[in-house]
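Asks: Numbering (our numbering), first residue to last: 736 to 1133.
A single structure is presented below for examination.
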């Protein structure tokens, strides 16, 4: 009996195509993977019957869980007629968003033959394919013409596409595709009450804290207390099951504790306030300085820094950035984030950034990063809505 091909074996592991619309997105980098997941999440809030199918380049080896994806098919099909046909026959996507390069001529040919719309987004000049031969006709124009629309943040890429003979109205100069954020909310009455309770007291917040992180965080806090006696540390544990052990560790450390989840509130003697992660939206808003503790271990998968930046916190982080490394890099470049490596580093960072003017300066810089991808996300959502509505109308018309 003949052996099944690798592509066929992989297709046998695919779940059945869901009922309703399927939006297929392809990510060619970890940052695009996160951004398209956010887009998918927002689209599903507008179209409840929509399912989002994701493929990704083989170079992406570390993918965090993303709420926006319903179906993960792995790498896209190889660009052979049989593999592309197998993929499209199974998933029957209603629309494709392809981000970046590594373009597939065979795929786009079959997409076009099936009258399926496709958007090429966030491609820059370095990702445009080279001409295969000086002596044969240039096939790149035909490849790009099969896309319904092309969106690029690069003037150079747009110029090169125009030189290939593409119509100007099919190429849009847009902002880069970036992960945006919908930060966690909080109870407004609780926020007003805690603002009055804390008054002018300096506060810093450790979010997504693991038990192993606590010794570093508590030792740094104790060091800073020698100079800032009224400083309050709020610790939110990543896992609620660790709250009892965290409470014991803080009491053993000798620091004065208030347990928020047990109904306790900080008084003037409280040095550490312990909380679960579900109240993080409150603490981000009350703390001008935040340690993203999920990044402290060097092998950590990282923690999305945009929630803190969106809610006005200066950001301290460790070396474990994972798939969020590009975001941390941009925050650092604009002066909105600072890396810490050990207890001494963390204590110095907390001390220097507890100055209100310094934290406010970093928070403003962070807000610029938070908003840089918002217009592109909104534009892409509008275009996806328009194309899906058009496809829906096409099948409903007599």
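Note that beta-carbon positions come from the ideal geometry of N, C-alpha and C, so glycine has one too.
Computed from a predicted structure; not experimentally measured.
Please list, in chain order, all residues of the same chain as residue 839 whose beta carbon is under 6 Å from its beta carbon, the five residues on each side excluded.
Replies: Result list for residue 839: 814, in chain order.
Asks: Starting from the C-beta of residue 870, find all residues in its chain whose C-beta is less than 8 Å away, skip the five residues before and the five after it, and write them out in chain order.
Replies: Confidence is the limiting factor: at residue 870 the pLDDT is only 44, short of 50, which leaves the residue's position unreliable and the question unanswerable from this model.
Asks: To the nearest angstrom, how far is the alpha carbon of residue 749 from that of residue 1006?
Replies: Distance between the alpha carbons of residue 749 and residue 1006: 52 Å.
Asks: Rounded to whole angstroms, what is the Cα-Cα separation between residue 1084 and residue 856?
Replies: If I take the Cα positions, the gap works out to 39 Å.
Asks: Kindly indicate which three-state DSSP category residue 956 falls into: helix, strand or coil?
Replies: Helix, per DSSP.
Asks: Return the first residue and the last residue of the beta strand (DSSP E) that residue 809 is part of.
Replies: 806-809 is the span of the beta strand (DSSP E), which, as asked, contains residue 809.
Asks: Give me, in chain order, the residues of the same chain whose beta-carbon lies closer than 8 Å to that of residue 768; leave out the 5 immediate sequence neighbours on both sides.
Replies: Cβ within range, chain order: 762, 789, 791, 795, 798, 801, 1058.
Asks: For residue 735, is the classification buried or exposed, using 16 other Cβ atoms within 10 angstroms of its Cβ as the cut-off for buried?
Replies: Residue 735 is absent from the model: the chain starts at 736 and stops at 1133.
Asks: On a Cα-Cα basis, can you pick out the residue from 861, 804, 819, 929 that is closest to residue 1002?
Replies: Among 861, 804, 819, 929, the Cα nearest to that of residue 1002 is on 929.
Asks: How many whole angstroms separate the CB atoms of residue 1027 and residue 1040, which I take to be in contact at a CB cut-off of 8 Å?
Replies: With 8 Å as the limit, residue 1027 and residue 1040 qualify as a contact, their Cβ atoms being about 6 Å apart.
Asks: Using the Cα positions of residue 774 and residue 781, report the straight-line distance between them to the nearest angstrom.
Replies: Distance between the alpha carbons of residue 774 and residue 781 is about 11 Å.
Asks: Quick one: what does DSSP say residue 976 is sitting in, helix, strand or coil?
Replies: Correct three-state label for residue 976: helix.
Asks: Would you mind listing the alpha helix (DSSP H) stretches within the region 1014-1095 that are 4+ residues and don't spill past its ends, in chain order?
Replies: Complete alpha helix (DSSP H) runs here, min 4: 1015-1021, 1041-1045, 1060-1068, 1078-1088.
Asks: Just to confirm, are residue 971 and residue 943 a CB contact at a threshold of 8 Å?
Replies: Against a cut-off of 8 Å, the Cβ pair of residue 943 and residue 971 comes out as a contact.
Asks: Here's the rule I'm using: 16 or more other beta-carbon atoms within 10 Å means buried, otherwise exposed. How should residue 976 be labelled?
Replies: By the neighbour-count rule (16 or more Cβ atoms within 10 Å), residue 976 is not buried but exposed.
Asks: Measure the CB-CB distance between residue 884 and residue 913 and report whether it falls below 8 Å.
Replies: No, the pair does not count as a contact, with Cβ atoms beyond the cut-off.
Asks: CB of residue 899 to nearest heavy atom of the ligand COA: below 7 Å?
Replies: In terms of ligand content, the structure shown is empty, and the ligand COA therefore cannot be addressed.
Asks: Determine the burial state of residue 828: buried for a count of at least 16 other Cβ atoms within 10 Å of its Cβ, exposed for fewer.
Replies: Residue 828 should be labelled buried.
Asks: With the cut-off set at 8 Å, would you say residue 1022 and residue 940 are in Cβ contact?
Replies: Yes. Within cutoff.
Asks: Suppose the cutoff is 7 Å on Cβ atoms and the five residues either side in sequence are ignored; what does the same chain contact list for residue 1133 look like?
Replies: Confidence at residue 1133 is low in this model, with a pLDDT of 46, below 50, so its placement is unreliable and the value that follows should be read with caution. If we look at residue 1133 and ignore the five residues flanking it on each side, it has no Cβ neighbours.
Asks: Compute the Euclidean distance between the alpha carbons of residue 1054 and residue 817, then round it to the nearest angstrom.
Replies: Between residue 1054 and residue 817, the C-alpha separation is close to 44 Å.
Asks: Taking the beta carbon of residue 916 as the centre, do at least 16 other beta carbons fall within 10 Å, making it buried, or is it exposed?
Replies: Residue 916 comes out buried.
Asks: Which one of 837, 821, 850 has the shortest CA to CA distance from residue 1125?
Replies: Cα-wise, what sits closest to residue 1125 is 850.
Asks: With DSSP run on the structure shown, which of helix, strand or coil describes residue 931?
Replies: Of the three classes helix, strand and coil, the one that applies to residue 931 here is helix, per DSSP.
Asks: Does the Cβ-Cβ distance between residue 936 and residue 965 come in under 8 Å?
Replies: It is a contact, given that the beta carbons lie within the stated cut-off.
Asks: Roughly how many angstroms lie between the CA atoms of residue 1013 and residue 974, to the nearest whole one?
Replies: The alpha-carbon atoms of residue 1013 and residue 974 are separated by roughly 10 Å.
Asks: Taking Cβ positions only, does residue 876 come closer than 8 Å to chain D?
Replies: In summary, chain D is missing from the structure at hand, where a single protein chain is found.
Asks: Take every Cβ of the region 949-958, pair it with every Cβ of the region 1072-1083, and state whether three or more of those distances are shorter than 8 Å.
Replies: The region 949-958, when compared against the region 1072-1083, does touch it at the 8 Å Cβ threshold.
Asks: Between residue 872 and the rest of its own chain, which residues show a CB-CB distance below 6 Å, the 5 nearest in sequence each way excluded?
Replies: Legend: pLDDT at residue 872 = 48, less than 50; position of this residue unreliable, value from coordinates given subsequently. Counting only Cβ-Cβ distances below 6 Å, and skipping sequence neighbours, we find nothing.
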